[in-house]
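Student:
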Amino acid sequence: MPLRAGFLCLLVCTGIYLLFTLWPDTAHHLEAVECPQSPTPVPAKPVLEPIALTFVLLGPNIAHEGSVAIKSALMYSSRPLHFHLIVTEDNIDYLERKFALFDSPAYDVKVTYYPITTDMVRQRGERAGVGSNWPLLSKVFIHELLIGVKRVIFMDTDMIFVVDPVLLWNNFDDFNNDTLVSFPTLGPNSHAGEVCSCIMLMDLERMRAPEAPFMPSTLFPAEVSDASPATSAFAKGISQGIHHFDPPHAIVPFDPLNPFFADQGIYYMVWLTHPHLFIPLSQRWDVNFCRRHWGLKLGVWGDDLDEDISPAYLIRSQKTLAGSRDQDRVVSPGIIHYNCQPGAGDDVWLYEQNHSGGSHFGAMVTTALRYKWAWLNRGTGTIQTSTMERVRWWDERAGVGPSRGHGGKQHHH
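Quick note, the sequence shown lines up with residues -5 to 407 if you use the numbering used here.
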């Protein structure tokens, strides 16, 4: 239609020109003729890349704590979100009741459940030669469950976002062709307690490399398991030992069947042996209770109003960051982490100490806990949940070999 209108306009304008030129006396009888204009095209709405997040929610008494962490991402996100939830069956109904409280989020939300059992994790751990805290050790096999996912943010359930998750997601831009994982460390000399697998950016596709998968398996051909970065890392740890934290820098044996800090000990050993596969993540994404939040605090009513303190003052007030890339820069809190709290029981968000005046970030914790799920009805997005059926590990699909099989059938709720 725009082409046809333009052609007609050309004919009309040519006729007017001839009238004015050949019969000027008749020209004043003509009324102004306007040529139709082509309609202005409506710009296409930009397609925003979804942010993929995964949580491990295995066993009783974990679903509520995990739901608060999930809610914090929904509260602050400026992008569509896709949650990949590794769960035991008993936790799906509880989470479904939360997601049923909103149907018009600001951006589209997808939720995919991956139901597994602790026996499944135990069997996979045995095929890899690791043990024995099965719920935690499932974290070293995330890439073997989320088969259709290229990259993902993993975070523990005792953490909450206090900023837009896209700011964390953007750190994938720092990955090079070798990078598998990014997590916080206190520099290259960190011991197993100075790295944190609590928050990780993971390139799952590279961790599933058919020629060198991240974790070995007795179902893989011998040469494939031998090429796994975990295999060589375990061999180094067993033969040379690793630095312990108590007493500091003592050399102790590494036992893959009982690693320090469970999954974190596995990731630590691979990081120590193959540092080129990892890049450091800022400590702003692990402002944790263990290290007293690096000296950072929001403050409470009645404290001196310190909203205008300088960056230089903030840097001087930050603590225990020596060795990390953050030691000489402002650490702007992105994720608050409430670990190392034996008195908190099964749910750190229901622990009064984390909300009280003595808490460094009590107001933010209370906001995350008490923010209403129904308040997430604040846009024109949609929410869709589904469950993967017949979930199996990547190493066992289609019998043998890491490059075969598929991720199971997906059932939509």
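C-beta: ideal position from N, C-alpha, C; glycine also.
#1: Do you know how far the Cα of W288 is from the Cα of W388?
#2: Find the nearest neighbour of S353 within the set F283, H405, T314, judged by alpha-carbon distance.
#3: In the DSSP assignment, find the beta strand (DSSP E) that holds V103 and state where it starts and stops.
#4: List the endpoints of the continuous alpha helix (DSSP H) containing P417.
#5: Use the C-beta contact count for Y261: other C-beta atoms within 10 angstroms, 16 or more gives buried, fewer gives exposed.
#6: Sorted by chain position, which residues of the same chain lie with C-beta nearer than 6 Å to H238's C-beta, five sequence neighbours on each side aside?
#7: Using 8 Å as the cut-off, can you tell me whether the region 133 to 152 makes contact with the region 186 to 197, which would need three or more C-beta pairs spanning the two stretches below that distance?
#8: Using the C-alpha atoms, what's the distance from G142 back to P44?
#9: Please confirm if the region 348 to 367 is in contact with the region 313 to 330, defined as three or more CB-CB distances below 8 Å between the two stretches.
#10: With DSSP collapsed to three states, give me the class of I422.
#11: What is the DSSP secondary structure of D158, reduced to helix, strand or coil?
#12: Please specify which runs of the beta strand (DSSP E), each continuous and at least 3 residues long, are wholly inside the region 156 to 192, giving them in chain order.
#13: Am I right that L162 and L370 are in contact with their C-beta atoms under 8 Å? What's the rounded C-beta distance?
#14: Which residues in the same chain have their Cβ closer than 7 Å to the Cβ of G119, if we skip the five residues on either side of it in sequence?
#15: Whole angstroms are fine: how far does the CA of R286 sit from the CA of Q335?
#16: Can you give me the start and stop residues for the beta strand (DSSP E) that V146 sits inside?
#17: For T381, which beta-bridge partners are listed by DSSP?
#18: Return the residue from the list Q258, R200, T225, A203 that minimises the CA-CA distance to T212.
#19: Considering P274, what are the terminal residues of the beta strand (DSSP E) in which it resides?
#20: At the level of alpha carbons, what is the spacing between K65 and G231?
#21: Helix, strand or coil for I245? Go by DSSP, reduced to three states.
#22: By DSSP's criteria, H349 is part of a beta bridge. Which residues make up the other side?
#23: Does the ligand SAM have even one heavy atom less than 7 Å from the beta-carbon of F254?
#24: For my contact list, M201 and L174 are in at a C-beta cut-off of 8 Å; report their separation, rounded to the angstrom.
#25: Rounded to the nearest angstrom, what separates T381 and F49 at their Cα positions?
#26: Can you tell which of F169, R310, D297 has the C-alpha that lies nearest to the C-alpha of L275?
#27: In whole angstroms, what separates the C-alpha of A227 from that of F96?
#28: Is it the case that the Cβ atoms of M358 and L292 are separated by a distance below 8 Å?
#29: Less than 8 Å between the C-beta atoms of D113 and P74, yes or no?
Tutor: This is what the structure holds:
#1: 39 Å
#2: F283
#3: 103 to 109
#4: No information on residue 417 is available, as it lies outside the stretch -5 to 407 that the chain covers here.
#5: Residue environment analysis places Y261 among the buried positions, since at least 16 neighbouring C-beta atoms fall within 10 angstroms of its C-beta.
#6: A244, V246
#7: yes
#8: If you take the alpha carbons of P44 and G142, they lie about 14 Å apart.
#9: With three or more CB-CB distances shorter than 8 Å, the region 348 to 367 counts as touching the region 313 to 330.
#10: In this structure the chain extends from -5 to 407, so residue 422 is not present and cannot be described.
#11: coil
#12: Within the region 156 to 192, the complete beta strand (DSSP E) segments of 3 residues or longer fall at 175 to 177, listed in chain order.
#13: L162 to L370, Cβ: 20 Å. No contact.
#14: G125, W128, L131
#15: 11 Å
#16: Element bounds for V146: 145 to 149.
#17: Y107, H405
#18: For the residues Q258, R200, T225, A203, the minimum Cα distance to T212 belongs to T225.
#19: 272 to 274
#20: A straight line joining the alpha-carbon of K65 with that of G231 spans about 39 Å.
#21: strand
#22: Per DSSP, H349 has no beta-bridge partner at all.
#23: Here there are no bound small molecules, and the ligand SAM is not part of this structure.
#24: Taking the Cβ atoms as the reference, M201 lies roughly 5 Å from L174, within the contact range of under 8 Å.
#25: 15 Å
#26: Looking only at F169, R310, D297, the smallest Cα-Cα distance to L275 is reached by F169.
#27: The alpha-carbon atoms of A227 and F96 are separated by roughly 46 Å.
#28: yes
#29: no
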